[in-house]
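A.B. asks:
Number of protein chains: 2
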Amino acid sequence: MNTKRNVYLDLKNIDDARSVLFEQFGSITTQIEEMDVVDAKGRVLAEPAVASVSSPNFHAAAMDGIAVDASFTFGAKEDSPVTLEPGKTAVWVNTGHLMPESTNAVIMIEHLNIIDDISVEIEAPAVPWQHVRKMGEDIVATKQLFARGHRIDSYSLGALLSGGVFRVNVYKKPRVLIIPTGSELIDWKTAGAGDFPAGKVIESNSVVLGGLAQDHGAEFDCHPTIADDLSAIREAVSVATATRERSGKAPYDMVCIIGGSSAGSEDYAKPVIESLGRVLVHGVTMMPGKPVLFGSISGTPVFGIPGYPVSAIVVFEQFAGPLLLNMQKSKPVHRQTAMVSPARKMASRLGVEEFVRVKIGSVDGNLISSQLPRGAGSITTLTEADGILRIPKNVEGISEKEQVKATLLRPLAAIENTLVITGSHDNTLDLLADQVKTVNDRVSISSSHVGSMGGLMAIKKNACHMAGSHLLDPEDGSYNISYVKKYLAGQKVWVVNLVIREQGLILPKHNPKQIKSILDLHQKEGRFINRQAGSGTRVLFDYQLSEMGISPREINGYENDEYTHMNVAAAVLSGRADTGLGIMAAARALDLDFVPVITESYDLVIPNRFYHTPNVRVVLDTICSQPFLKRVNALGGYSTENTGKIVHRPESGSAEI
Amino acid sequence: MNTKRNVYLDLKNIDDARSVLFEQFGSITTQIEEMDVVDAKGRVLAEPAVASVSSPNFHAAAMDGIAVDASFTFGAKEDSPVTLEPGKTAVWVNTGHLMPESTNAVIMIEHLNIIDDISVEIEAPAVPWQHVRKMGEDIVATKQLFARGHRIDSYSLGALLSGGVFRVNVYKKPRVLIIPTGSELIDWKTAGAGDFPAGKVIESNSVVLGGLAQDHGAEFDCHPTIADDLSAIREAVSVATATRERSGKAPYDMVCIIGGSSAGSEDYAKPVIESLGRVLVHGVTMMPGKPVLFGSISGTPVFGIPGYPVSAIVVFEQFAGPLLLNMQKSKPVHRQTAMVSPARKMASRLGVEEFVRVKIGSVDGNLISSQLPRGAGSITTLTEADGILRIPKNVEGISEKEQVKATLLRPLAAIENTLVITGSHDNTLDLLADQVKTVNDRVSISSSHVGSMGGLMAIKKNACHMAGSHLLDPEDGSYNISYVKKYLAGQKVWVVNLVIREQGLILPKHNPKQIKSILDLHQKEGRFINRQAGSGTRVLFDYQLSEMGISPREINGYENDEYTHMNVAAAVLSGRADTGLGIMAAARALDLDFVPVITESYDLVIPNRFYHTPNVRVVLDTICSQPFLKRVNALGGYSTENTGKIVHRPESGSAEI
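Residue numbers (my numbering), protein chains in the order written: chain L, 20 to 676; chain U, 20 to 676.
1) Take the Cβ of His529 of chain U as the centre, count every other Cβ of all protein chains shown within 10 Å, and call the residue buried at 16 or more, exposed below.
2) Could you tell me whether the Cβ of Tyr657 of chain U comes closer than 9 Å to any Cβ of chain L?
3) At a CB-CB cut-off below 7 Å, which residues of chain U make contact with Leu117 of chain L?
4) Sort L:Thr457, L:Ser202 and L:Leu391 by Cα distance to Thr400 of chain L and report the nearest one.
5) Under 9 Å between C-beta atoms, does Ser175 of chain L make it to chain U?
6) With a 10 Å radius around its C-beta and 16 neighbouring C-beta atoms as the bar for buried, classify Pro216 of chain U as buried or exposed.
7) Tell me the rounded alpha-carbon separation between Gln542 of chain L and Ile534 of chain L.
8) Since Asn16 of chain L and Lys412 of chain L are thought to touch, with beta carbons under 8 Å apart, how far apart are those beta carbons, to the nearest angstrom?
9) Which residues, in chain order, does the stretch 582 to 593 of chain U contribute to contact with chain L at a C-beta distance below 9 Å?
10) In whole angstroms, what is the alpha-carbon distance linking Glu619 of chain L and Leu524 of chain L?
11) May I have a chain-ordered list of the alpha helix (DSSP H) segments no shorter than 4 residues that lie completely inside the stretch 512 to 587 of chain U?
12) Residue range of the beta strand (DSSP E) that Thr356 of chain U falls in?
13) Can you tell me whether Met118 of chain L is helix, strand or coil according to DSSP?
14) Quick check on Asp248 of chain L - is its C-beta less than 9 Å from some C-beta in chain U?
15) Against chain U, which members of the stretch 368 to 395 of chain L pass a CB distance test of less than 9 Å?
16) Mind checking which residues open and close the beta strand (DSSP E) that includes Ser463 of chain U?
17) Could you say if the stretch 466 to 485 of chain L and the stretch 438 to 449 of chain L meet the contact criterion of at least three C-beta pairs nearer than 8 Å?
18) Residues bridged to Val375 of chain U by DSSP?
19) Would Phe313 of chain L and Phe335 of chain L qualify as a contact pair, given that the criterion is a beta-carbon distance under 9 Å?
20) Residues in the same chain with beta-carbon distance under 6 Å from Lys378 of chain U, minus the five sequence neighbours each way, listed in chain order, please.
21) Counting beta carbon pairs with one atom in the stretch 649 to 663 of chain L and one in the stretch 444 to 462 of chain L, are three or more of them shorter than 8 Å?
22) Taking buried to mean at least 16 other C-beta atoms within 10 Å of its own C-beta, is Met567 of chain L buried or exposed?
23) Can you name the start and end residues of the beta strand (DSSP E) that Trp148 of chain L belongs to?
24) Which runs of the beta strand (DSSP E), 3 residues or longer, sit entirely within the stretch 25 to 103 of chain L?
25) Taking the alpha carbon of Ser330 of chain L as the point to measure from, which residue in L:Val101, L:Arg393 and L:Ser46 has its own alpha carbon closest?
26) Cβ atoms of Asp172 of chain L and Ile398 of chain U: under 9 Å apart, would you say?
27) Work out the CA separation of His484 of chain L and Phe647 of chain U for me, nearest whole Å.
28) What did DSSP end up calling Ile126 of chain U once you bin it into helix, strand or coil?
29) Helix, strand or coil, according to DSSP, for Val307 of chain L in the structure here?
30) At 4 residues or longer, what runs of the alpha helix (DSSP H) sit wholly inside the stretch 204 to 290 of chain U?
31) Give me the chain L residues within the contact set of Thr161 of chain U, using Cβ-Cβ distance strictly less than 8 Å, ordered along the chain.
32) Quick check: the Cα distance between Asp58 of chain U and Thr457 of chain L, rounded to an integer number of angstroms?
33) Leaving aside the five residues before and after Arg265 of chain U along the sequence, list all residues of the same chain whose C-beta is less than 6 Å from its C-beta, in chain order.
34) Relative to the C-alpha of Glu670 of chain U, which candidate in U:Leu507, U:Lys664, U:Arg520 and U:Thr92 has its C-alpha closest?
35) Cα-Cα, which of U:Leu600, U:Met585, U:Ala143 and U:Ala86 is closest to Ile574 of chain U?
36) From the DSSP output, in three-state form, read off Phe338 of chain L for me.
Okay, structure coming up:
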């Protein structure tokens, strides 16, 4: 194998890299095109829009009534009304009508005494120009309606048309060519229903970056995926950046090569750009996205974008997107920000700026963030995120007491209306998040998985609205209540059963090693996959081991842990472990074998101050509803006989409200 | 004329009216359609999206290097390295590759000592599963990716494709028919270059509401404009709401009749809905938008939307828009809000909820709002607004000391980066706002016209970054300096000349009454149009009168005033006045005659603490630039000989910084 590696140019920080980008390409704008205003929504004005007509372009009645010359009405009083004759000394008008010649005021119909078919009386004089929309009241011809650089929105269409601007000069949409590369990629159209070979990855980055290009006002084409083949990639980029003979302009305003931007032996983005043009930056001190690359080929900006989905998005939004907006002389989209408190201390690597995806919950009016996994390969860390924290490169971490600025991915109002469930993981929580939408689509549930003890600690720290927990008390075989009394002493909480579920050993299909119990696992030295410390399942496993007098050290793989039942099942499915403890629903989901070990209660722990809030009521109503119960029972491994049952109420003597 | 009027049903408040609307139509959703994920951006999921494959669907190398069975590496140390043979005890891999059979860890290429073509050495053991992306690390098959009701954005496309979801069930876009009505309306295509008859109004509402329908996830058709003709409107609405024989479904999900929703004799929306179905609400206690009307025809919601552009938008956004979103089971768009302080006391009418459009400036970190005109006919009050204050119906006004919540129409970050110029009006300020974009497109200028004295007061109250002023001191013929010293005593301010300009009498083309001077105006009893008190032009006019010994009461029309030069010119153009005092540029813009009266200095007054800020520097650089000077001179009536000249600097002894 070829071990030759490319070399990063000096790593640059984000601002410096962006300066290099804009120094090179900041003066490029797309061509200007003239189009009908009605087709120009979303476009950016390339020149100021100046009204050619006034609005209104005449004096108009602003009320229904009669138009008069105000001087005819002077002296009208209650005891000496003035009589007017429509058609002679007055004219009937409706709102919007042209004011008739030699009238300058409107008297509202409500203020008229209709005497007969030909005359009306008024008991007060009209002030000149009362209830008249004067010519040019909204727009005087020659008024500048919008400065250049204005993006035309729905409201703007009204001002432009009213001001007689029917055609506008706007910037063309920049055209982006997206070239996915990588021998491991497979097109979704050929991927079928999951039956594609192991080692293949569904190509999705081109669709995401295409969407983001649109979000930045551009159009895009997707090149068919190219394998890791230097000459094929070079050929595609060469064609895309070739100058057109006539116009002298490249057919694309930007080219994005996805994949192969790093310094590996099969990373061809750099050699391609080097051979056709010039590399400007390779490597930026940010994570995800460090292996970004960009250069210039025949004056066209060409990006090498790392293939991990989160890296690809961060790179696009930090560099390619702002450049596309700049080509239309438009400003970057300002995302809303908010100050948040991390639920726990966050470490960070010195020397790189980290983009940490976080969930954000609003509890007691405080915004609490909890971080999602940092892997750049995990697109769900972005789709599940409410916001992004940027930790500067010279900062080593953020403590729980600090307030940090989060860039929001969902509107603050939506975050504030989201119910935060923290704690143990159970598959029915996803069902609940979906089912609750059918009851009230304004309520959202955000659940994060930190284990049962983590959930109780989150309640103690006021960092969630409810916690999912299944902590066994070996003394009496009860669940959660003794833990609540011990760890949430003095806090008024309710405990409501969500489900009863079967925990057991998740095993490969047909159980090839014939593991029937934890004792079997121990005796046959099967490889185990554990759950993280603090999870109810870990507590259960440790209890089972101690009952049998087995030391954790005797379990092969005890030190390997996962955070969810589904990840335990995935570890078994992939052969990484022979078994792990988890819920039957997870085994069923991946068509694995299952040996029951125990039946346990999975409860929701809810502080009293939230128990009666509308959002919590919607959730509790939902879990008692037939459609939810039906869906839970269809999963397998669940009993809903206690679902919705209150198993613990706040004691009246508790200190806290 | 027919004086028969419709009658409003009981006026309802906004919440009650919306309740009626949702009680009637809240359960309607559009049909569900299945489509390719790649085409579904912007659509709303009608059912949960569940992954059918894991991502990755195999254990993958997460670094470039060699894949090994970690147990082969145990014991490796600096002084006793372990030798591995790629091809035998190790396998070369690149990031993303499938982990070869019986390997479970990757050693980064940077940590290898390459000995020769067949062997490498390592000086530390590998931990099992190091640098491996485990199967299902991002997505485990069967994971619920999104709950129903999720709107698919660019990021979502990546999660769906990665999870093997290639087709989705989404709600169809609701279809809206928009029917503009009104005999006064003229289509933009036939309006030509302003040469359409007086009394005609360019139809723009249908385009704006169509745009808003799209913004709410719907599609729209526009019906050709219908004159005020009961049977024609009824026919169109009847066709649009007729149920299809086969599907039993109306071809449109919503019909919006624009115009004729009020209670006038030619307001046909109500009789049309009454004759074909049932009116549910007529009249809501809000302004603008009070004459809104809606009802049900064959189960289809039909709106009567007032024809004033701001009313139409407010009504659509309060009622039609949320209903369209609800048809897709989507939530209303949450606009960002911010607390603002009114620059001056705001009156409000009891009994109606007012939507007051405001400009918002960020000065010294405080958000200051200044209200725009309240006329519902003025679309520019929305396009120029930064936000909307909603004043509840039981509140009579808001004092300067109150903080009130504004719904923002521009991102807060953009508002915070906007330079606020308050004070006298001059046409070159619009040029400046446009020209500054060519220098730095991140700087925006927001100017509001409150007269020269208003500008100085705004500086005193810290409500703007600079003020435009042209206040004549009759004592010595100087401009602004004596006023600054008097009204801004103790404040450190700079005064910089923007332009020298000609003020004079604006007169109808060919000056039919042959008014050559203010004395002529007085002697010929011409109708005058004045400027508002506190404006520099009013100060100038009053000074001229007193010099000539003429009392204001002797001037016909002295009590009629306008807020801008352009509106004075429009008053003359429309025949509302014979003349008014204003700048030559305004006369030139509307092709009117002009008799010069005086040459005056128009200066910018800038507090010292803003004078050196980057945004102010950009503005001052712009006004001295050749392109700006050239554009100013092209307007006519200006001299730029002093433009950019500092005419007053802060005195070193001033108290304030």
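Here a beta-carbon is modelled for each residue, glycine too, at the ideal position from N, C-alpha and C.
Predicted, not measured: the structure shown is a model, and the values here were computed from it.
C.D. replies: Put simply:
1) Under this definition His529 of chain U is an exposed residue.
2) Not an interface residue.
3) Per Cβ cutoff of 7 Å: Ala217 and Gly218.
4) Out of L:Thr457, L:Ser202 and L:Leu391, L:Leu391 has the C-alpha closest to the C-alpha of Thr400 of chain L.
5) Answer yes: the Cβ-Cβ gap between Ser175 of chain L and chain U drops below 9 Å somewhere.
6) Around the beta carbon of Pro216 of chain U, a 10 Å sphere encloses fewer than 16 other beta carbons of the protein chains shown; the residue is thus reported as exposed.
7) When rounded, the distance between both Cα atoms is 9 Å.
8) It is not possible to answer for residue 16 of chain L, since the shown part of chain L is limited to 20 through 676.
9) Of all residues in the stretch 582 to 593 of chain U, Thr583, Met585, Asn586, Ala588, Ala589, Ala590, Leu592 and Ser593 have a Cβ within less than 9 Å of some Cβ in chain L.
10) Cα to Cα, the separation comes out at about 14 Å.
11) Complete alpha helix (DSSP H) runs here, min 4: 537 to 542 and 555 to 567.
12) Membership of Thr356 of chain U in the beta strand (DSSP E) is indicated by the continuous run Thr356 to Pro361.
13) Met118 of chain L: coil per DSSP, three-state reduction.
14) Interface with chain U (9 Å Cβ-Cβ cutoff): Asp248 of chain L is excluded.
15) Correct list: Pro392 and Gly394.
16) Note, Ser463 of chain U: beta strand (DSSP E), Ser463 to His468.
17) They touch, by the three-pair rule.
18) In the DSSP output, where bridge partners are listed per residue, Val375 of chain U has U:Leu408.
19) Not closer than 9 Å, so no.
20) Within its own chain, the residues whose Cβ lies closer than 6 Å to the Cβ of Lys378 of chain U, once the five positions on either side in sequence are excluded, are Ser389, Asp405, Ser465 and Ser467, listed in chain order.
21) Enough Cβ pairs lie closer than 8 Å, so yes.
22) Only exposed fits Met567 of chain L, as fewer than 16 other CB atoms lie within 10 angstroms of its CB.
23) Neither: Trp148 of chain L is in no beta strand (DSSP E) and is coded neither H nor E.
24) DSSP runs (the beta strand (DSSP E)) wholly in the stretch 25 to 103 of chain L: 51 to 55, 84 to 87 and 101 to 103.
25) Nearest neighbour of Ser330 of chain L by Cα position, chosen from L:Val101, L:Arg393 and L:Ser46, turns out to be L:Arg393.
26) No. Outside cutoff.
27) Whole-angstrom Cα-Cα distance: 58 Å.
28) Here Ile126 of chain U sits in strand by DSSP.
29) First, the amino acid is wrong: residue 307 of chain L is Pro here, not Val. In the structure shown, Pro307 of chain L adopts coil according to DSSP, grouped into three states.
30) Within the stretch 204 to 290 of chain U, the complete alpha helix (DSSP H) runs of at least 4 residues are 207 to 210, 224 to 234 and 249 to 260.
31) The CB of Thr161 of chain U comes closer than 8 Å to the CB of Met585, Ala608 and Leu609 in chain L, given here in chain order.
32) Approximately 25 Å between the Cα atoms of the pair.
33) Residue placement at Arg265 of chain U cannot be trusted, given a pLDDT of 49 that sits under 50; the coordinates are not used to answer.
34) The alpha carbon of Glu670 of chain U has as its nearest neighbour, out of U:Leu507, U:Lys664, U:Arg520 and U:Thr92, the alpha carbon of U:Leu507.
35) The candidate whose alpha carbon is nearest that of Ile574 of chain U is U:Leu600.
36) DSSP places Phe338 of chain L in helix when its eight states are reduced to three.
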